[in-house]
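Only one structure is covered here, and it is reproduced in the block below.
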Amino acid sequence: MDIETELLPESERKDLPSSSNLSFGKHFSDHMFLMDYKADTGWHNARIVPYGNFSLDPASACLHYGQAIFEGLKAYNGKDDKIRLFRAGENMDRLNHSAWRMCMPQVNKDELLQAIKTLIQIEKRWVPEAKGTSLYVRPFMIATEAFLGVRPAKEYLLSLILSPVGAYYAEGFSPVKIFVTDKYVRAVSGGVGEAKTAGNYAASLMASEKAKELGFTQVLWLDAAERRYVEEVGTMNIFFLIEDVLITPKLSGSILPGITRDSVLRLALGWGLKVEERPISINEVLEKAKNKALKECFGTGTAAVISPVGALYYKGVNYSINGGKTGDLAQRLFDEITGLQYGEREDAYGWMDII
Ligand SMILES: *Cc1c(COP(=O)(O)O)cnc(C)c1O
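Counted the way this note's numbering counts, the sequence shown spans residues 7 to 361.
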């Protein structure tokens, strides 16, 4: 793929934010990648241009009918000064799966990886160096065809933007308190829950705002049909260590297939742990929490890697887990995965890609 490149003059480039002030998704680098699609010509006009506004027709399909998908991955600056991506090919595969589900066009995986690497090369100075920080990569695709009517659009835009992000745990792990909702649902079986598509996040806002008002960090979703089986948390998959078995809900079509989730499953199996992917009811979880058989609970996702859960709140009752403290397995998984990402541990699974 030829990428036409229009670079900003050095004098017009932004000052880097200080690494202590990064937080998440607030700052964006100097350039972005764009590529257009038309049904009759396919993907064309791949280009890297200065970061800036798009011009969209007000009738663009994404604004009305929601054909919009995205991905999220990170580039890590290692102690050896090499920049690494973690399982980036999996993100490209998932983007294509989301595209398929939303009747949007497929993208060539290798070309998109090449675009990500080229953009990061140009924006190298934006990959922060402080421990735990990284450069978040946000690929996304929107329908741009101007028409009103419900059918798949014939024109699309694919873009990559980059955002330096801070250490998620600047002051060490802090287990979160989670609100289990049986009132709202995120996704239904047969719906679009397994696609990273914009509307899923809009649909989740009401429940998470209510949970925040009550002092909780996130919402744990139950299945839509019976409100009985655990699905996932906010933008994370969920794991339970019950006695010595690590359990996570089976991918049912309404759960987002997290790459961190898959990595945790593979690492745990490799360490000889007992692992189960199966339906797990909220009643089972709370019963095990009550009699202390639930040793650990944690969420998994690109942003936090591992997010220990210190308590679950359901129907007016608070269930404390592991005394509200981070468990050994959560810590071990976090150390292993971040160790790989920063090039400090041996990449036995071939997950890392050096740019
Ligand atoms: C992105 C996402 C996850 C986590 O996926 P990772 O690939 O591990 O980052 C989990 N649930 C939802 C709803 C998500 O959007």
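Backbone N, C-alpha and C fix where the C-beta goes; we use that ideal spot for every residue, glycine too. Since we're looking at a predicted model, the values are computed, not measured.
Residue i: first and last residue of the uninterrupted alpha helix (DSSP H) it sits in
i: Cys68; result: Ala67 to Tyr71
i: Arg338; result: Asp334 to Gln347
i: Ala208; result: Ala204 to Glu219
i: Asp268; result: Ile265 to Gly276
i: Thr124; result: Lys115 to Ile128
Residue i versus residue j: straight-line alpha-carbon distance, rounded
i: Lys256; j: Glu283; result: 5 Å
i: Val55; j: Lys85; result: 30 Å
i: Val291; j: Ala230; result: 18 Å
i: Val156; j: Ile253; result: 40 Å
i: Asn114; j: Lys298; result: 49 Å
i: Arg267; j: Arg131; result: 30 Å
i: Ala213; j: Ala310; result: 21 Å
i: Tyr325; j: Glu293; result: 10 Å
i: Thr11; j: Lys20; result: 18 Å
i: Thr241; j: Ser140; result: 18 Å
i: Tyr162; j: Ala149; result: 4 Å
Supposed contact pair residue j and residue i - C-beta distance, whole angstroms, cut 8 Å
i: Ile288; j: Tyr320; result: 6 Å
i: Ala295; j: Ile327; result: 6 Å
i: Lys301; j: Leu262; result: Not a contact, Cβ separation roughly 25 Å.
i: Glu6; j: Ala81; result: Outside the shown range of the chain, which is 7 to 361, sits residue 6, and nothing can be said about it.
i: Pro362; j: Lys331; result: Here the chain comprises residues numbered 7 to 361, so residue 362 is not present and cannot be evaluated.
i: Leu28; j: Pro134; result: 7 Å
i: Leu101; j: Glu77; result: 5 Å
i: Pro145; j: His33; result: Rounded, the Cβ-Cβ distance is 18 Å, inconsistent with contact.
i: Arg233; j: Ser210; result: Contact doesn't hold; Cβ gap of about 16 Å is too wide.
i: Ser25; j: Glu129; result: The Cβ separation is near 16 Å, so there is no contact.
i: Val143; j: Ile184; result: The pair is not a contact, with the Cβ atoms about 28 Å apart (cut-off 8 Å).
Minimum Cβ-Cβ distance from residue i to chain D less than 8 Å
i: Gly276; result: Among the protein chains of the structure shown there is no chain D, as only one such chain exists.
Own chain, CB closer than 7 Å to residue i, minus 5 neighbours either side, in chain order
i: Asp359; result: Arg90, Leu91 and Ala94
i: Gly333; result: Leu247, Lys301, Glu302 and Pro314
i: Lys160; result: Lys44, Ala45 and Glu151
i: Pro285; result: Tyr235, Pro255 and Lys256
i: Tyr190; result: Met212 and Ala213
i: Gln347; result: Tyr82, Arg90 and Phe92
i: Asp250; result: Lys280
For residue i, the first and last residue of its enclosing beta strand (DSSP E)
i: Leu91; result: Ile89 to Phe92
i: Lys44; result: His37 to Lys44
i: Asp359; result: Met358 to Ile360
i: Ile288; result: Per DSSP, Ile288 belongs to no beta strand (DSSP E); it is in the alpha helix (DSSP H), Ile288 to Lys296.
i: Trp227; result: Gln224 to Leu228
i: Ile148; result: Ser140 to Ala149
i: Lys280; result: Lys280 to Glu283
i: Asn59; result: Segment: none, Asn59 is in no beta strand (DSSP E) and carries neither H nor E.
i: Ser313; result: Val311 to Tyr320
Assigned exposure category for residue i - 16 Cβ within 10 Å defines buried
i: Arg272; result: exposed
i: Gly196; result: exposed
i: Asn83; result: buried
i: Met98; result: buried
i: Asn59; result: exposed
i: Phe30; result: exposed
i: Ala52; result: buried
i: Met38; result: buried
i: Glu237; result: buried
i: Leu187; result: Note on identity: in this sequence residue 187 is Thr, with Leu being the wrong assignment. The residue is buried, with at least 16 neighbouring Cβ atoms inside 10 Å.
i: Gln127; result: exposed
i: Trp277; result: exposed
i: Trp106; result: exposed
i: Glu200; result: buried
Contacting residues, own chain, Cβ-Cβ under 6 Å from residue i (five flanking each side not counted)
i: Gly205; result: Gly72
i: Leu164; result: Met41 and Met147
i: Leu335; result: Leu247 and Glu302
i: Ile265; result: Arg93 and Glu96
Sequence-distant residues of its chain with Cβ nearer than 8 Å to residue i (five each side left out)
i: Phe153; result: Ala65, Ala67 and Ala159
i: Asp8; result: Ala52
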